[in-house]
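Trainee: Numbering (my numbering), first residue to last: 1 to 657.
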């Protein structure tokens, strides 16, 4: 039996049946929606490992301001983002976010810290939870559970307050939330429930409301990156494919020198938080012609997302050619490998205990690792030293009865030695080995995408996101794909998505065509046809033979959908006297779905049209029009009784069914 009982058999509700051959109506008046006027667009890049915001005033869209410097900050890690960490008091109230949360938690006495709730890297939970709901929990460092929705709402509220405060300080008067259009970025490979979850969290944080959903745009990370890359000028990026020797250097040298120059350039510009985006199509872009394809690889802390786009001239609109793919291959994978290495040397039982008993010291150790991780490079010859916190050395001795040094000697990990200054000394090979599994997965995944028929003749590969700063990843992508396309890296690559998201908020119409990630349809009755319909679906009502549970498709997974496009179908009540019409909307990841009872079909909306009290002079075949409109990350459905113009609307909901 299926999760859904036949609509026809339950409730004695005969349901609806298609009235006409299905057709798609392009709404000509869909574009006449009243544009709200916002004074400023604020984009929030809510990352797995680090987060930040940037903004631009609608009056001067060519200036993008990146948020002001944060208190705290780590040696060896200079960026305009703050760690995605959050601290709640023992009473579960919001205490702090980012460096402030980390440092405060770190300074607590261990007896006290076990009562505080500290969360880090929690965004991955939305990607990995199969059945995400409003009730999904997150686990703090001390093992206690809190609703994920609360944590996300606290984090977004923190950014909202920081941004409004900065805007007010800058403008000299209080900035109202109503004057801001918010943009939040999410990975394109997230499933619909996770995207909807982010919107709900933003409503809870007070950024927008279900009554005013246009105030918030959920942008897809690689799309945002793509929009920014279009504006790049040559001096704003590093072209890893400049094959010809430059000034007598061979290409392998130029990669290195290119980066040093880039670093210098970034260093000089670090003082300024305002980026000028020239209102031009960048030079790289001017090489692209109508129909050219490029791939954007967004490699962050948690996930790697890739999207293939095609240019549509004259305006240079983007069309998504191949649906977003990717997976959990972010730089966190390198951290997991380091943790596995520690378990190999010191024992899994010790590492597990150490994390629970000395959570702040564990955070310290991972910070030390982070800055060394950033120093890893393909041509590095000297070892990387990672300082072990004193409490690690101390606790290990208590736990095992022998020293850390002894453990290292005893373990047969040759690449890692103990240095007399109390550090783990890793050879470059050992460090590179930690990167290898993650980088191999990214390269493998990219190869699979390149082999797809839709992905022939890719001209450029834009490598963006925080992990794209890693020379090891750059080299791997360049050597694997440099012969097929030009590999381009924007200079301030960690801020690419943030800036692209601001541009998207200023002009959301730039993305014109997306691929639908799901197949959508409604459950209907069709006239039963012997030999075509399975006998168990036969239902006889008032002498008519119906086939029940039919999935009437609105749009298929992977079909191109223009943003704002409306798909319309007409239905009629199976029983003319019926006065309450219930239309159930279903979705599936599969392309060809015949019945709503098939596995993987999920209910995601119900339209209930009550026609009681309407005039009796209605035609005997009453027409019920059903429309689905595909928006940014929201889908709306509507049913209209044509004779009386009575209508009902619903937003598609992936979290509550």
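For each residue, glycine too, the CB sits at the ideal point set by N, CA and C. In this text, all values refer to a predicted model and were calculated from it rather than measured experimentally.
For residue 610, which residues does DSSP report across the bridge?
Mentor: Locating residue 610 in the chain shown gives position 610, where the first residue counts as 1. The partner list for residue 610 (beta bridge, DSSP) reads 580.
Trainee: Among 100, 110, 102, 117, which residue has its Cα nearest to the Cα of residue 93?
Mentor: Numbered from 1 along the chain shown, position 93 holds the residue referred to as residue 93. Closest by alpha carbon: 117.
Trainee: Run through the DSSP bridge pairs and tell me what residue 628 is partnered with.
Mentor: Here residue 628 refers to the residue found at position 628 of the chain shown. Bridge partners of residue 628: 567, 637.
Trainee: Three-state secondary structure (DSSP) at residue 60?
Mentor: Translated into positions along the chain shown, residue 60 becomes position 60. In the structure shown, residue 60 sits in coil (DSSP, three-state: anything other than H, G, I, E or B).
Trainee: Does DSSP put residue 418 in a helix, in a strand, or in coil?
Mentor: Translated into the one-based positions of the chain shown, residue 418 becomes position 418. Strand.
Trainee: Specify the secondary structure class of residue 310 as computed by DSSP and reduced to three states.
Mentor: Counting from one through the chain shown, the residue named residue 310 turns up at place 310. In the structure shown, residue 310 sits in a strand (DSSP, three-state: E or B).
Trainee: Anyone know if the C-beta pair for residue 466 and residue 50 falls short of 8 angstroms?
Mentor: One-based indexing of the chain shown puts residue 466 at position 466. One-based indexing of the chain shown puts residue 50 at position 50. Yes. Within cutoff.
Trainee: Sort out for me which residues DSSP pairs residue 463 with in a bridge.
Mentor: On the chain shown, residue 463 is found 463 positions in, with the first residue counted as 1. Note: residue 463 sits in a beta bridge opposite 297.
Trainee: Given a threshold of 16 other Cβ atoms within 10 Å of its Cβ, counted over all protein chains shown, does residue 490 qualify as buried or as exposed?
Mentor: Indexing the chain shown from 1 puts residue 490 at position 490. Here residue 490 is buried: its Cβ has 16 or more other Cβ atoms, across all protein chains shown, within 10 Å.
Trainee: Report the rounded CA-to-CA distance for residue 445 versus residue 300, giving the unit in angstroms.
Mentor: Numbered from 1 along the chain shown, position 445 holds the residue referred to as residue 445. Numbered from 1 along the chain shown, position 300 holds the residue referred to as residue 300. So the two alpha carbons sit approximately 15 angstroms from each other.
Trainee: Given that a residue counts as buried once 16 or more other Cβ atoms are within 10 Å of its Cβ, and exposed if not, what is residue 639?
Mentor: For this step, residue 639 is matched to residue 639 along the chain shown. Looking at its Cβ environment, which holds 16 or more other Cβ atoms inside 10 Å, residue 639 is buried.
Trainee: In chain order, which continuous runs of the beta strand (DSSP E) of length 3 or greater are located wholly inside the stretch 138-175?
Mentor: Runs of the beta strand (DSSP E) inside the stretch 138-175: 145-147.
Trainee: Could you tell me how far apart the beta carbons of residue 225 and residue 296 are, in whole angstroms, since I believe they sit closer than 8 angstroms?
Mentor: The sequence position of residue 225 within the chain shown is 225, counting from 1. The sequence position of residue 296 within the chain shown is 296, counting from 1. Yes, they are in contact, since the Cβ atoms of residue 225 and residue 296 sit about 5 angstroms apart, within 8 angstroms.
Trainee: Tell me whether residue 528 sits in a helix, a strand or coil according to DSSP, three-state version.
Mentor: Stepping through the chain shown from its first residue, residue 528 is reached at position 528. In this structure, residue 528 counts as coil in the three-state DSSP scheme.
Trainee: Using a Cβ-Cβ cut-off of 6 angstroms (strictly less than) and excluding sequence neighbours within five positions of residue 497, which residues of its own chain qualify?
Mentor: As a working note, residue 497 is residue 497 in the chain shown. Around residue 497: 45, 185, 221, 224, 225.
Trainee: Quick one: grab the DSSP three-state call for residue 329.
Mentor: Translated into positions along the chain shown, residue 329 becomes position 329. Residue state, collapsed to three classes: coil.
Trainee: From this set, 475, 163, 169, which residue's C-alpha is nearest residue 177's C-alpha?
Mentor: As a position in the chain shown, residue 177 is number 177, starting the count at 1. Residue 163 is the option with its Cα nearest to residue 177.
Trainee: What is the rounded straight-line gap between the Cα of residue 335 and the Cα of residue 15?
Mentor: The sequence position of residue 335 within the chain shown is 335, counting from 1. The sequence position of residue 15 within the chain shown is 15, counting from 1. Roughly 54 angstroms separates the two Cα atoms.
Trainee: Could you pull out every residue in the same chain whose Cβ sits closer than 8 angstroms to the Cβ of residue 95, ignoring the five residues on either side in sequence?
Mentor: By 1-based counting over the chain shown, the position of residue 95 is 95. These residues qualify, in order along the chain: 87, 88, 89, 101, 104, 116.
Trainee: In whole angstroms, what separates the C-alpha of residue 160 from that of residue 365?
Mentor: The residue you call residue 160 lines up with position 160 of the chain shown. The residue you call residue 365 lines up with position 365 of the chain shown. One C-alpha to the other measures close to 31 angstroms.
Trainee: I need the boundaries of the alpha helix (DSSP H) containing residue 224, first residue and last residue.
Mentor: By 1-based counting over the chain shown, the position of residue 224 is 224. From DSSP, the alpha helix (DSSP H) with residue 224 extends over 221-229.
Trainee: Runs of 3 residues minimum, wholly inside the stretch 481-505: which ones carry the beta strand (DSSP E) assignment?
Mentor: 486-490
Trainee: Can you tell me which of the three DSSP states residue 585 falls into?
Mentor: Here the question's residue 585 lines up with position 585 in the chain shown. Strand at residue 585.
Trainee: Taking 8 angstroms as the threshold (C-beta atoms), are residue 147 and residue 135 in contact?
Mentor: Within the chain shown, numbered from 1, the residue matching residue 135 stands at position 135. Within the chain shown, numbered from 1, the residue matching residue 147 stands at position 147. Taking 8 angstroms as the Cβ cut-off, residue 135 and residue 147 qualify as a contacting pair.
Trainee: Below 8 angstroms between beta carbons: does that hold for residue 627 and residue 566?
Mentor: Indexing the chain shown from 1 puts residue 627 at position 627. Indexing the chain shown from 1 puts residue 566 at position 566. Against a cut-off of 8 angstroms, the Cβ pair of residue 566 and residue 627 comes out as a contact.
Trainee: Between the Cα of residue 653 and the Cα atoms of 199, 504, 172, 64, which residue gives the shortest distance?
Mentor: As a first step, residue 653 must be located in the chain shown, where it is residue number 653. When each option's Cα is compared against that of residue 653, the closest is 199.
Trainee: What is the DSSP secondary structure of residue 252, reduced to helix, strand or coil?
Mentor: Translated into the one-based positions of the chain shown, residue 252 becomes position 252. Residue confidence for residue 252 is low, a pLDDT of 41 falling below 50, so the modelled location carries little weight and cannot support an answer.
Trainee: Does residue 535 come out as helix, strand or coil in the three-state DSSP assignment?
Mentor: Mapped onto the chain shown, residue 535 falls at position 535. Correct three-state label for residue 535: helix.
Trainee: I need the DSSP call for residue 408, collapsed to helix, strand or coil.
Mentor: Here residue 408 refers to the residue found at position 408 of the chain shown. The answer is helix: DSSP assigns residue 408 an H, G or I state.
Trainee: Within a Cβ cutoff of 7 angstroms, which residues of the same chain sit near residue 362, ignoring the five residues on either side of it in sequence?
Mentor: Numbered from 1 along the chain shown, position 362 holds the residue referred to as residue 362. Cβ within range, chain order: 354, 355.
Trainee: Are residue 18 and residue 524 closer than 8 angstroms when you measure CB to CB?
Mentor: Indexing the chain shown from 1 puts residue 18 at position 18. Indexing the chain shown from 1 puts residue 524 at position 524. Contact flag set, yes.
Trainee: Which class does residue 131 belong to by DSSP, given the choice of helix, strand or coil?
Mentor: By one-based count along the chain shown, residue 131 stands at place 131. Reduced to three states, the DSSP call for residue 131 is coil.
Trainee: One question on the structure: do residue 181 and residue 157 come within less than 8 angstroms of each other, judged by their Cβ atoms?
Mentor: For this step, residue 181 is matched to residue 181 along the chain shown. For this step, residue 157 is matched to residue 157 along the chain shown. Cβ atoms of residue 181 and residue 157: not closer than 8 angstroms.
Trainee: Would you report the Cα separation of residue 492 and residue 411, rounded to the nearest angstrom?
Mentor: As a first step, residue 492 is located in the chain shown; it is residue number 492 there, counting from the start. As a first step, residue 411 is located in the chain shown; it is residue number 411 there, counting from the start. Cα to Cα, the separation comes out at about 41 angstroms.
Trainee: Under 7 angstroms Cβ to Cβ from residue 426, same chain only, skipping five residues before and after it: list those, please.
Mentor: Residue 426 sits at position 426 when you count from the first residue of the chain shown. Excluding sequence neighbours, residue 426 sits near 383, 384, 386, 415, 416.
Trainee: Out of 442, 503, 621, which has the shortest C-alpha to C-alpha gap to residue 579?
Mentor: Counting from 1 along the chain shown, the entry for residue 579 is found at position 579. It is 621 whose Cα lies nearest to the Cα of residue 579.
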